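Visitor: Sharing a structure, written as structure tokens. Questions coming.
In UniProt numbering, the protein residues as written are 1 to 306.
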């Protein structure tokens, strides 16, 4: 785009300069990495501070002439250093060629049920879509999973893509448990004073986007699906356009809903169907699309005077 090579590198205030970089040709350049160490040593360690082998993910530690050994405030404890190595707070791995790959921040780790997700990896996957200009992944509180993964993205001007398009795009690119339960299209992503997207500020910034809307069912089928989900999640005020997995749904509860709905003729939704269609209205539409012309659509709900 600029007519010159763009090289990824890595450094921070505490290192005074770059400590890793890809190289100009014919030097080694590895896609997705920040290159090999330059003037510093790098170590990857686990939660106990034990060194990990090639390809294993852990916290990135640094040591070298340009790397600090204590802060001006005098802080030099284990929260910041391990045996003379600086704790960066970054999570990464080193490949067979000695190149460093940054996966995320230790403080940004999202624990979704029994899975750990570094949101930076999900951000990168969404940003690889050619019609996305910005993306950020964060979490919402969830009654059974602890945290549920959600994301917001900004499309390119003139693009008509929506969250479902992004979900389908992510399938096969990242593990299923790393795909956000809800992906919303927004006009902009809030930035802090330094121009960065502050992940912790996303939850309050987009609270309205994920709030229950409570839209009533418009057909008998929507009503039946909504009732099944309300029983399974104990969610008060759930509506047909609300994301079921953001508001208490999870794979186990989805299986209960599936078994409940199978008692109704012609209603057979798999777990994959439900995850791909996370609202009651979407699930009802899917059922109708499979019913065929010989099966009449459920009649609309009408009020009965008392």
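C-beta: ideal position from N, C-alpha, C; glycine also. These figures come from a predicted structure and were not determined experimentally.
#1: For residue 222, report the span of its alpha helix (DSSP H) as first-last.
#2: On a Cα-Cα basis, can you pick out the residue from 281, 286, 191 that is closest to residue 229?
#3: Would DSSP call residue 295 helix, strand or coil?
#4: When you compare only the Cα positions, how much space is there between residue 97 and residue 19?
#5: Leaving out five residues on either side along the sequence, give the residues of the same chain with a beta carbon under 7 Å from the beta carbon of residue 181.
#6: Taking the alpha-carbon positions, what's the residue 200 to residue 138 distance?
#7: Around the C-beta of residue 2, are 16 or more other C-beta atoms found within 10 angstroms, so that it is buried, or is it exposed?
#8: If contacts are defined as beta-carbon pairs under 8 Å, then residue 237 and residue 208 qualify, I think. What distance do you get, rounded to the angstrom?
#9: Going by DSSP, name the residue or residues bridged to residue 155.
#10: Looking at the structure shown, is residue 95 part of a helix, part of a strand, or coil, going by DSSP?
#11: Would the beta-carbon of residue 41 fall within 8 Å of that of residue 86?
#12: Count the CB pairs spanning the stretch 101-111 and the stretch 65-81 that are closer than 8 Å, and state whether there are at least three.
#13: For residue 125, which three-state DSSP category applies?
#14: Does DSSP put residue 168 in a helix, in a strand, or in coil?
#15: First and last residue of the alpha helix (DSSP H) that includes residue 210?
#16: Compute the distance between the beta-carbons of residue 145 and residue 250, then report whether it is under 8 Å.
#17: Report buried or exposed for residue 177, applying the criterion of at least 16 other Cβ atoms within 10 angstroms of its Cβ.
#18: In angstroms with no decimal places, state the Cα-to-Cα distance between residue 55 and residue 125.
#19: Between the C-alpha atoms of residue 162 and residue 204, what's the straight-line distance to the nearest angstrom?
#20: Excluding the 5 residues preceding and the 5 following residue 338 in the sequence, name in chain order all residues of the same chain whose CB lies nearer than 8 Å to its CB.
#21: Please report the distance separating the alpha-carbon of residue 131 from that of residue 65.
#22: Provide the residue span of the alpha helix (DSSP H) that contains residue 117, from first to last.
#23: Based on the DSSP secondary-structure assignment, which residues constitute the bridge partners of residue 33?
#24: Under DSSP, the alpha helix (DSSP H) around residue 272 begins and ends at which residues?
#25: Among the residues of its own chain, which have a CB less than 8 Å from the CB of residue 239, if the five just before and after it don't count?
#26: Quick check on residue 167: buried or exposed, where buried means 16 or more other Cβ atoms within 10 Å of its Cβ?
#27: Quick one: grab the DSSP three-state call for residue 54.
#28: Which residue wins for smallest C-alpha separation from residue 95, given the options 30, 142, 51?
#29: Got a sec, what are the start and stop residues for the beta strand (DSSP E) residue 110 sits in?
Guide: So, from the data block:
#1: It spans 220-233 - the alpha helix (DSSP H) in which residue 222 sits, taken as one unbroken run.
#2: It is 281.
#3: Because residue 295 carries a pLDDT of 46, less than 50, the predicted location of this residue cannot be relied on, and no value is offered for it.
#4: Taking the straight line from one Cα to the other gives about 16 Å.
#5: Taken in chain order, the residues that qualify are 148, 149, 150, 243, 245, 246, 278.
#6: Going by the C-alpha atoms only, they are around 8 Å apart.
#7: Answer is exposed; the Cβ neighbour count stays below 16.
#8: With 8 Å as the limit, residue 237 and residue 208 do not qualify as a contact, their Cβ atoms being about 15 Å apart.
#9: For residue 155, DSSP records a beta bridge to 132.
#10: Assignment of residue 95 by DSSP, reduced to helix, strand and coil, places it in the coil class.
#11: Taking 8 Å as the Cβ cut-off, residue 41 and residue 86 do not qualify as a contacting pair.
#12: Counting Cβ pairs under 8 Å, fewer than three are found: no touch.
#13: When DSSP states are grouped into helix, strand and coil, residue 125 belongs to the helix group.
#14: Correct three-state label for residue 168: helix.
#15: Where residue 210 is concerned, the enclosing alpha helix (DSSP H) stretches over 207-210.
#16: Against a cut-off of 8 Å, the Cβ pair of residue 250 and residue 145 comes out as a contact.
#17: Residue 177 should be labelled exposed.
#18: Pairing residue 55 with residue 125, the inter-Cα distance amounts to about 20 Å.
#19: Going by C-alpha positions, residue 162 is about 22 Å away from residue 204.
#20: Outside the shown range of the chain, which is 1 to 306, sits residue 338, and nothing can be said about it.
#21: C-alpha separation (whole angstroms): 43 Å.
#22: For residue 117, no alpha helix (DSSP H) segment is defined; the enclosing uninterrupted segment is the beta strand (DSSP E) at 115-117.
#23: Answer is none; residue 33 lacks a bridge partner.
#24: Element bounds for residue 272: 271-276.
#25: Result list for residue 239: 212, 213, 214, 215, 216, 226, 280, in chain order.
#26: Buried, because 16 or more other Cβ atoms sit within 10 Å of the Cβ of residue 167.
#27: Under the three-state reduction of DSSP, residue 54 is assigned to coil, being neither helix nor strand.
#28: Nearest option by C-alpha distance: 30.
#29: Start and end: 110-112.
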